[in-house]
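Here my numbering is used: the first residue of the sequence shown is 73, the next is one more, and so on.
The structure appears right after this line, and notes come after that.
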Amino acid sequence: MPEQISTATDTGILQVPETIAIIMDGNGRWAKKRGLPRTAGHKKGADTIHTIGLEANRLGVKKLILYAVSTENWKRPEDEVGYLCKLPGLFFDRYIRDLMNNSIRVTFAGELERFPESTQKVIRKAVQQTEANTGLELCIAINYGSRRELLLAARQYAADVQAGTRDNDLTEEEFADYLFVPENVDLLIRTSGEERISNFLLWQLAYSELIFTPTAWPDFDENRLRECLEEFSRRDRRFGGIKA
Ligand code: IPE
Ligand code: IPE
Ligand code: MG
């Protein structure tokens with residue numbers, strides 16, 4: 073496992089994780105509390121993606137992976153699912169220029185094919201448009217499930233062995249390359265108080281620091297992120313070893 077990471081002394085944060093993953097939870101409860109439809113929580117949550125993306129970029133985070141739609145979220149009512157399909161279009165219409173201005177590169181993890189053509193198109197366009205950007209990689213996990221990710225990886229590996237392009241002594245690094253997200257995650261944050269992984273990055277979280285915050289995703293902001301990074305800086309990461 074890689075040791076840390078960069079320092080952002082100008083920000084007062086000791087250690088900035090290279091890779092951060094966030095389970096953006098609590099949009100529905102945030103809206104309900106305000107007497108609004110759940111979709112209003114998702115709308116506000118999309119603005120938080122922009123805020124936190126810019127801040128992570130400013131701090132020098134390399135990759136930020138945001139869990140936006142899980143393989144299980146299709147169970148939700150039709151109007152909510154419909155809104156989640158529209159959200160990428162609304163988000164990029166509003167923020168693509170700002171992402172470009174900050175050299176943020178957009179990528180995706182998950183099976184896009186389940187989304188309507190129009191949604192797939194805006195997503196692919198945003199990926200293409202930001203391809204050459206050299207700042208933060210903003211990776212949006214949509215229709216993502218880690219069990220599905222591992223299953224697809226196993227199937228592809230088996231196919232490669234059968235085709236004779238791979239042999240049997242697959243390494244951990246080579247296996248990771250079959251995944252939607254090959255990197256180890258340094259820090260996982262889940263908002264809104266739930267303390268579970270909900271099928272996110274099961275392989276990649278092996279040695280992540282985990283932070284569960286009660287703040288709902290639409291209320292998460294630069295200060296909350298900073299608090300999480302301060303907490304991360306206090307953690308003693310041993311990766312199974314002992315301190316010298
Ligand atoms: C997270 O917020 C966004 C998605 C899962 C799409 P939720 O919609 O899960 O909000 P809560 O957990 O019901 O409050
Ligand atoms: C996890 O949140 C998925 C996303 C944030 C996209 P959920 O709200 O779907 O997870 P559970 O149902 O509380 O475990
Ligand atoms: Mg939830």
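Ideal placement from N, C-alpha and C gives every residue a C-beta, glycine not left out.
Scanning its chain for C-beta atoms nearer than 6 Å, with the 5 sequence neighbours on each side dropped, one finds around Leu210 the residues Gly125, Leu136, Ile176, Val178, in chain order.
Taking a C-beta distance under 8 Å as the contact criterion, Phe311 and Ile95 do not qualify as a contact pair.
Thr191: not part of any beta strand (DSSP E); member of the alpha helix (DSSP H) spanning 189-202, first to last residue. By the rule of a C-beta closer than 5 Å to any heavy atom of ligand 1, the residues picked out are Asp97, Gly98, Asn99, Gly100, Arg101.
Listed as beta-bridge partners of Ile283 by DSSP are Ile261. Secondary structure remark: continuous beta strand (DSSP E) runs of at least 3 residues inside the region 151-192, in chain order: 177-181.
The alpha-carbon of Lys147 is positioned some 20 Å away from that of Ile212. Between Phe304 and Leu259, the CB-CB gap stays under 8 Å. Cβ contact annotation for Ile195 (same chain, cutoff 7 Å, sequence separation greater than five): Pro160, Phe180, Leu184, in chain order. If you look at Ala140, you'll find it in the beta strand (DSSP E) that goes 135-142.
If you ignore the 5 residues before and after Val153, its C-beta comes within less than 7 Å of the C-beta of Trp146, all in its own chain and listed in chain order.
Partner residues in the beta bridge of Cys211, as assigned by DSSP, are Ile137, Thr179. In the three-state scheme derived from DSSP, where H, G and I count as helix and E and B as strand, Gln87 is classed as strand. Per the coordinates, the alpha-carbon of Val199 lies some 44 Å from the alpha-carbon of Ala316. Proximity to Glu244 across Leu222, Gln234, Gly313, Ile261 peaks at Leu222, based on C-alpha coordinates. Taking a C-beta distance under 8 Å as the contact criterion, Arg296 and Thr285 qualify as a contact pair. With contacts defined as CB atoms closer than 8 Å, Asp165 and Trp289 fail to qualify as a contacting pair.
As computed with DSSP, Tyr216 is found in a beta bridge with Ser142. Among the bridge pairs identified by DSSP, Ala93 is matched with Ile137, Leu260. The three-state reading of DSSP puts Pro290 in helix, counting H, G and I together. In this structure, Ile214 lies near Val141, with their beta-carbon atoms less than 8 Å apart. Shown here for Arg220: same chain residues with a beta carbon closer than 7 Å to its own, the five before and five after excluded, namely Thr143 in chain order.
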